[in-house]
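Engineer: One structure, as structure tokens, below. Some questions next.
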Amino acid sequence: MLQIGKQKVFLLGLALATSAAAFNNCSNCQGAPEANAKLNKNEKNREKEKEKEKYRKQGPTLAHSKINETAAEKTTKGNALNYSTFSTKTDVFHNVYRRPSVIKERVLEFPGNKQFGTLFIFDKPSISRGDGAPKLVKARGLVKIPAGNLIEFLPNEHFIMAPHQLDKLPADAFDAVRMKYFAMDDAEEDRADEALLYLARFKSIKYLDLDRCEISDRGMEAIKNLPNLVTFTAMNSSITGKCFKKLGVLKELRQLKLQNTDPDLACIADLAKAFPNLWHLCLTRTRVTNKAIEPIAALKSLKRLDLAEDSFLDDGCIPTLACLTSLNNLEIPETRITAQGLLKLKHLPLKRVDVSISNGKPESFEKVRSVMKSTIFTVVTKYEKPPVSESEQTLFAPLSRGRKL
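Under my numbering, think of the first position of the sequence shown as 2, with each following residue one higher.
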């Protein structure tokens, strides 16, 4: 918590910290403080955009967010702890820039008059689907994609019900795929798996997003045929991890996100063996234990590890974390890892650690801050989970069929 004058300011994220400080500093100015604050905010936004563009042009596969680092340094004077509200939009220090698999112009011809989904066309490298302003094109008829553009395919029911309708598309048609599918009855349960098995023929796929998709380990085995896969995310899916040992051919995989899944804990060992080159591993809300995560000590290239809300974790996992010699970003809110335990990680190149009240009171981190001076500690004070209305419950209840998906 930072003191500015007599006001207490709760930072809503590292990216907003500087703007918040600017607003308070301008509140005592003469004239129109609101206008001054708005001008300052606009100027800072322009500076951030210039900085982002600079890093895009440099072309690193691994993006380092110096924008956030600079903003954070300005708000941590006197070893003060940052307080923030949890947000999925909070920038991270390391992420993967998405780039097209091929540079040439691509011509995609979809059969008949059906629309098989939507194409998101990115004309510059992006960190995620929320970064930039992609052009949306219907996956129907003849579509020409300019050279150097990234193509993300969002299939709809016409594709999922009969994937082979796209047999005439070239093997380099898509760079990224984002598939969402829930079966409405038992007869439809295997369709997502079948669709994924078919998508594996598009060898150019580098980024695969199956968040909230009813996919199983059977369908997951298909991705072993995607040798260029860099990012895979399967939040809220049904995979158990039994497929990991068969995916060791994916040498390019750098980002694996399994948030809110229920993996077989014994399969974490297979994960570490199959993907030794990971940069980012997300195991948030996966019920992992100190013993279960021991094998990830072998991930010497890991730069970001998300373990939030894994309440079985305590200081017993510190020896494992201490082996991650490249770790820059650690997220442990709602675990039982303590400030005392974090002191044993002082040798790591940590730039940011997210914690919560479950890890100890803010004052217990003062010693940690004095020792780990180059690390930014953010105390997550609140998880923003929007309430589900009665109408939404009624609308989406058939999708779960009693399984609470």
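Just so it is clear, CB atoms sit at the ideal spot from N, CA and C, and this is done for glycine as well.
How should LYS105 be labelled, buried or exposed, when 16 other C-beta atoms within 10 angstroms of its C-beta is the threshold for buried?
Structural biologist: Counting Cβ neighbours within 10 Å, LYS105 comes out exposed, since fewer than 16 surround it.
Engineer: Give me the residue from LEU120, LYS169 and THR382 with the minimum Cα distance to ARG415.
Structural biologist: What is shown of the chain runs 2 to 406, which leaves residue 415 out entirely.
Engineer: Would the beta-carbon of LEU251 fall within 8 Å of that of LEU279?
Structural biologist: Not in contact: LEU251 and LEU279 (Cβ atoms no closer than 8 Å).
Engineer: So, are the CB atoms of LYS304 and ALA323 less than 8 Å apart?
Structural biologist: No. Outside cutoff.
Engineer: Answer with buried or exposed for SER449, where buried requires no fewer than 16 other C-beta atoms within 10 angstroms of its C-beta.
Structural biologist: A question about residue 449 goes unanswered here, because the residues of the chain that appear run from 2 up to 406.
Engineer: Taking 8 Å as the cut-off, does the region 107-119 touch the region 222-229 (at least 3 CB pairs, one atom from each stretch)?
Structural biologist: No, the region 222-229 is not in contact with the region 107-119.
Engineer: Please tell me whether PHE175 and SER205 are closer than 8 Å, where the distance is taken between their beta carbons.
Structural biologist: Yes, these two residues count as a Cβ contact at 8 Å.
Engineer: What are the start and end residues of each continuous beta strand (DSSP E) run of 3 or more residues lying completely inside the region 297-333, in chain order?
Structural biologist: Segments of the beta strand (DSSP E) lying fully in the region 297-333: 305-307 and 330-332.
Engineer: For ASN261 versus ARG286, is the C-beta distance shorter than 8 Å?
Structural biologist: Going by C-beta atoms, ASN261 is nearer than 8 Å to ARG286.
Engineer: Give the range of the beta strand (DSSP E) segment to which HIS348 is assigned.
Structural biologist: Run containing HIS348: none; DSSP gives neither H nor E here.
Engineer: Taking only three categories from DSSP, how would you classify GLN8?
Structural biologist: Below a pLDDT of 50, predicted positions are generally treated as unreliable, and GLN8, at 34, falls in that range; the measurement from the model is reported next regardless. If DSSP states are grouped into helix, strand and coil, GLN8 belongs with the strands.
Engineer: Have a look at ASP92 and GLY113 and give me their C-alpha separation to the nearest angstrom.
Structural biologist: Note that ASP92 has pLDDT 38, beneath the 50 cutoff, so the model's placement of it is unreliable and the number below is only indicative. If I take the Cα positions, the gap works out to 42 Å.
Engineer: Three-state secondary structure (DSSP) at TYR208?
Structural biologist: Strand at TYR208.
Engineer: Is the region 356-370 touching the region 337-344 in the sense that three or more CB pairs, one from each, lie closer than 8 Å?
Structural biologist: Flag = yes, the region 337-344 and the region 356-370 touch.
Engineer: If PRO101 sits next to LEU151, beta carbons under 8 Å apart, how far is it from one beta carbon to the other, in whole angstroms?
Structural biologist: With 8 Å as the limit, PRO101 and LEU151 qualify as a contact, their Cβ atoms being about 4 Å apart.
Engineer: Within this structure, are the beta carbons of PRO334 and VAL369 separated by less than 8 Å?
Structural biologist: Contact: no.
Engineer: Measuring CA to CA, which of GLY317, THR336, ALA298 and LYS292 is closest to SER327?
Structural biologist: Per the Cα distances, ALA298.
Engineer: DSSP three-state call for VAL178: helix, strand or coil?
Structural biologist: Residue state, collapsed to three classes: strand.
Engineer: State the Cα-Cα distance for the pair LYS292 and LEU266, rounded to the nearest angstrom.
Structural biologist: Their backbone Cα atoms lie some 9 Å apart in a straight line.
Engineer: Measure the alpha-carbon distance for SER357 versus ALA235 and round it to whole angstroms.
Structural biologist: Distance between the alpha carbons of SER357 and ALA235: 25 Å.
Engineer: Which residues share a DSSP beta bridge with LEU151?
Structural biologist: According to DSSP, LEU151 bridges with PHE123.
Engineer: Can you say whether LEU248 is buried or exposed, counting buried as having 16 or more other CB atoms within 10 angstroms of its CB?
Structural biologist: LEU248 is buried by the Cβ-count criterion.
Engineer: Can you tell me the Cα-Cα spacing of LYS75 and GLN166, whole angstroms?
Structural biologist: With a pLDDT of only 33 at LYS75, under the threshold of 50, the placement of this residue in the model should not be trusted; the figure read from the coordinates follows. Cα to Cα, LYS75 sits roughly 55 Å from GLN166.
Engineer: Could you give the C-beta distance for GLU111 and ARG141, rounded to a whole number, given that I count them as a contact under 8 Å?
Structural biologist: Strictly speaking, residue 111 in this sequence is Phe, with Glu absent from that position. So it is a contact: roughly 5 Å between Cβ atoms.
Engineer: I'd like to check one pair, ALA196 with PHE245: are the Cβ atoms closer than 8 Å?
Structural biologist: Not closer than 8 Å, so no.
Engineer: Return the first residue and the last residue of the beta strand (DSSP E) that HIS281 is part of.
Structural biologist: It spans 281-283 - the beta strand (DSSP E) in which HIS281 sits, taken as one unbroken run.
Engineer: For a quick check, are the C-beta atoms of ARG179 and GLU215 less than 8 Å apart?
Structural biologist: Result no, Cβ atoms of ARG179 and GLU215 do not sit closer than 8 Å.
Engineer: Below 6 Å CB to CB, which residues in the same chain sit around LEU349 once its five sequence neighbours on both sides are set aside?
Structural biologist: Closer than 6 Å at the Cβ level, and outside the excluded window around LEU349, lie LEU328.
Engineer: Evaluate GLU158 with the Cβ neighbour count: other Cβ atoms within 10 Å of its Cβ, from every protein chain shown; 16 or more gives buried, anything less gives exposed.
Structural biologist: By the 10 Å Cβ count, GLU158 comes out exposed.
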